[in-house]
Every structure is written in structure tokens, then in C-alpha cells.
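Under full-length UniProt numbering, the residues of the sequence shown are numbered 1 to 233, in order. As C-alpha cells, the structure follows; a few thoughts come after it.
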Amino acid sequence: FPSRQHWLGTDSVGRDFLSRLIYGTRVSLLVGFSVQIVAVAIGVTLGTLAGMLGGWVDYVIMRWVEVLTAIPGILFALFLISILGREASGIQSLFNVVFAIGLIGWVEICRLTRAQLLSLREKEFITAAYAIGANRWTVATRHLLPNALAPLIVAVTLGVPGAIFAEAGLSFLGLGINDPLPSWGKMVAESNAYIRVYWHLGLFPTLMIAITMLSFSFVGDGLRDALDPHLNK
1 FPSRQHWLGT DSVGRDFLSR LIYGTRVSLL VGFSVQIVAV AIGVTLGTLA GMLGGWVDYV
61 IMRWVEVLTA IPGILFALFL ISILGREASG IQSLFNVVFA IGLIGWVEIC RLTRAQLLSL
121 REKEFITAAY AIGANRWTVA TRHLLPNALA PLIVAVTLGV PGAIFAEAGL SFLGLGINDP
181 LPSWGKMVAE SNAYIRVYWH LGLFPTLMIA ITMLSFSFVG DGLRDALDPH LNK
């Protein structure tokens with residue numbers, strides 16, 4: 001139970017619960033942002049290839065996107081982690097979780113990038129860039145992608161809470177981040193055995209997950225409103 005020395009009490013092995021809760025914030029945010037880095041790297045690259053090259057390249061990429069969309073993300077992540085090694089400890093388990101969630105998180109980024117490029121490449125300034133001798137990749141990197149950044153920034157911001165929730169779900173199922181690193185999802189899972197007596201052990205990690213997800217959702221909504229040109233007219 002909470003005391004002067006341990007404000008939120010201790011876990012089943014005597015570790016200070018508040019300290020692990022705070023450190024778990026670092027782990028969850030690291031997972032959220034790292035997953036988005038992986039998703040952006042894969043999604044923007046494939047979305048640019050699909051949008052710029054078209055033809056069979058676009059067909060193959062988008063069919064693969066549809067296949068991944070049809071598979072429940074959490075099941076695909078569970079499959080990947082079972083291959084990478086569910087018994088990995090510490091940092092290795094963190095890498096496995098980031099890799100698994102990142103490989104399912106790039107799909108929406110890819111779709112968004114492709115849609116933005118297909119929309120923008122018909123604009124007059126793109127035609128002018130081709131007219132002065134710019135090649136396809138110069139147009140993509142200097143004109144198309146910079147103008148597609150606003151919706152991508154919003155998508156990444158809204159993707160962070162999704163990644164945090166996915167990590168919490170995997171850790172709750174015992175396939176996420178392992179000791180000695182603390183994880184909110186793992187803390188909730190460990191509290192199940194004591195929930196009738198030490199109810200606060202599951203309450204506070206759950207609140208942290210909810211508050212973090214709501215915070216990033218509000219930031220994403222604010223960025224979407226601020227960066228949407230139709231709302232700023």
C-alpha cells in the first residue's frame with residue numbers, strides 16, 4: 001500500500017511503483033516515436049515510389065497494402081514477435097516491439113503519401129518544374145514531398161498514441177517489453193493477480209495510458225485544424 005517512502009506502494013517484488021510508472025513513460029514515448037520513425041521511413045518511401053512511378057510498381061505496392069490492411073494489426077504483430085523471440089529481455093524486447101508495430105504502422109503513411117503525390121503532381125507549379133528541366137526525383141523531393149508534409153505531420157502525431165496502445169496491449173499479453181524495462185501494459189498485466197486488494201496497481205498505469213493517448217490525440221486534432229488550408233481560408 002502507499003506510504004511515505006513509496007507514494008504509490010511497491011510491486012510484487014518490492015520495487016517502488018511510482019519510479020517504475022515514471023520510467024515507463026520514457027519507454028512508452030520511446031516506443032511511440034520510434035514506431036513512427038520506422039513507419040515514416042517505410043511508408044513515405046513506398047508511397048513516393050507508388051505515386052511517382054505508377055504502373056506495375058504502384059499496383060504491387062498497393063496490393064501489398066491491401067493485404068496488410070485485411071490482417072488485424074495486433075495478430076500480425078504477435079506473429080512477428082513470436083518469430084523474433086518472445087523471451088528477449090530488456091532492450092532487445094524493446095527493439096522487437098518497435099520493429100513489429102512499425103511494420104504494421106506504415107500502411108496508412110504509404111496511402112497518405114501516395115494520395116498527396118497523385119493530387120499535387122497535377123498542379124501548375126509541378127508542370128512548371130518539369131518545363132524548366134527538373135527530373136522526376138527532383139520534383140518529388142523538392143516540390144511534392146515538402147508540400148505533403150502537413151498531413152503527414154498530423155498522421156504521425158495521431159499515430160503515436162496508437163503505437164503506445166499497441167505496445168501496452170502486447171505487453172499485457174506477455175509478448176511486449178520484458179524486464180528489467182518497465183512497461184505500462186506489463187504493469188497492468190502484473191496487477192491482475194492482486195486487483196481485488198491492491199487495485200491501485202492497475203489503475204495508475206491505465207490512467208497514464210489513457211492520458212497520454214488523449215494528449216496526443218488532442219495535439220493531432222489541433223495540428224490538423226492549424227495545417228488544413230481549407231480551414232484557414
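For every residue, glycine included, the Cβ atom is placed at its ideal position computed from N, Cα and C. All values reported here derive from a predicted model rather than from experimental measurement.
1) Out of 166, 171, 146 and 169, state which residue places its alpha-carbon closest to the alpha-carbon of residue 120.
2) Ignore the nearest five residues each way along the sequence and tell me which others in residue 186's own chain have a CB closer than 6 Å to its CB.
3) Compute the Euclidean distance between the alpha carbons of residue 176 and residue 193, then round it to the nearest angstrom.
4) Check residue 58 in the structure and name its three-state DSSP category.
5) Would you mind sorting residue 5 into buried or exposed? The rule is 16 or more other CB atoms within 10 Å of its CB.
6) Should residue 137 and residue 42 be called a contact, given that it needs their Cβ atoms to be closer than 8 Å?
7) Rounded to the nearest angstrom, what separates residue 78 and residue 103 at their Cα positions?
8) Relative to the C-alpha of residue 174, which candidate in 118, 111, 87 and 54 has its C-alpha closest?
9) Can you look up residue 16 in the DSSP assignment and give me helix, strand or coil?
10) Taking the continuous alpha helix (DSSP H) assigned at residue 120, which residues delimit it?
11) Exposed or buried, what is residue 70 when buried is set at 16 or more other beta-carbons lying within 10 Å of its beta-carbon?
12) Out of 211, 51 and 201, point me to the one whose CA is closest to residue 118's CA.
13) Using 8 Å as the threshold, is the segment 156-168 in touch with the segment 212-221, meaning 3 or more CB pairs across them?
14) Return the chain-ordered ranges of every alpha helix (DSSP H) run that is complete within the segment 162-220 and spans a minimum of 4 residues.
15) Tell me, to the nearest whole angstrom, how far the beta carbon of residue 235 is from that of residue 208; I am working on the premise that it is less than 8 Å.
16) Please name the residue, chosen from 32, 95 and 182, that lies closest to residue 84 on a Cα-to-Cα basis.
17) Apart from the five residues on each side of it in sequence, which residues of its chain come closer than 8 Å, Cβ to Cβ, to residue 110?
18) May I ask you to list the residues that DSSP assigns as paired with residue 10?
19) Indicate whether residue 181 and residue 31 have their beta-carbon atoms separated by less than 8 Å.
20) Tell me whether residue 184, by its Cβ, gets closer than 7 Å to a heavy atom of the ligand HEM.
21) Compute the distance between the beta-carbons of residue 101 and residue 166, then report whether it is under 8 Å.
22) Between which two residues does the alpha helix (DSSP H) containing residue 133 stretch?
23) Would you identify the three-state DSSP class for residue 36, choosing helix, strand or coil?
The answer reads as follows:
1) For residue 120, the closest of 166, 171, 146 and 169 by C-alpha to C-alpha distance is 146.
2) The residues are 171.
3) Whole-angstrom Cα-Cα distance: 19 Å.
4) For residue 58, the three-state secondary structure derived from DSSP is helix.
5) Exposed.
6) Contact check for residue 137 against residue 42 fails: the beta carbons are separated by 8 Å or more.
7) Their backbone Cα atoms lie some 12 Å apart in a straight line.
8) Proximity to residue 174 across 118, 111, 87 and 54 peaks at 87, based on C-alpha coordinates.
9) DSSP places residue 16 in strand when its eight states are reduced to three.
10) Note, residue 120: alpha helix (DSSP H), 91-120.
11) Exposed: under 16 other Cβ atoms inside 10 Å.
12) Comparing alpha-carbon positions, the option among 211, 51 and 201 lying closest to residue 118 turns out to be 51.
13) Short answer: they touch.
14) Correct list: 184-191.
15) The displayed coordinates of the chain run from 1 to 233. Any statement about residue 235 would go beyond what the structure contains.
16) Residue 84 has its Cα closest to that of 95, out of 32, 95 and 182.
17) Here the set comprises 42, 43, 44, 46, 47, 50, 61 and 65.
18) BP columns for residue 10 point to 16.
19) In this structure, residue 31 does not lie closer than 8 Å to residue 181 by Cβ.
20) The ligand HEM is absent from the structure shown, which contains no ligand whatsoever.
21) Yes, Cβ-Cβ distance for residue 101 and residue 166 is below 8 Å.
22) DSSP places residue 133 outside any alpha helix (DSSP H), giving it a letter other than H or E.
23) If DSSP states are grouped into helix, strand and coil, residue 36 belongs with the helices.
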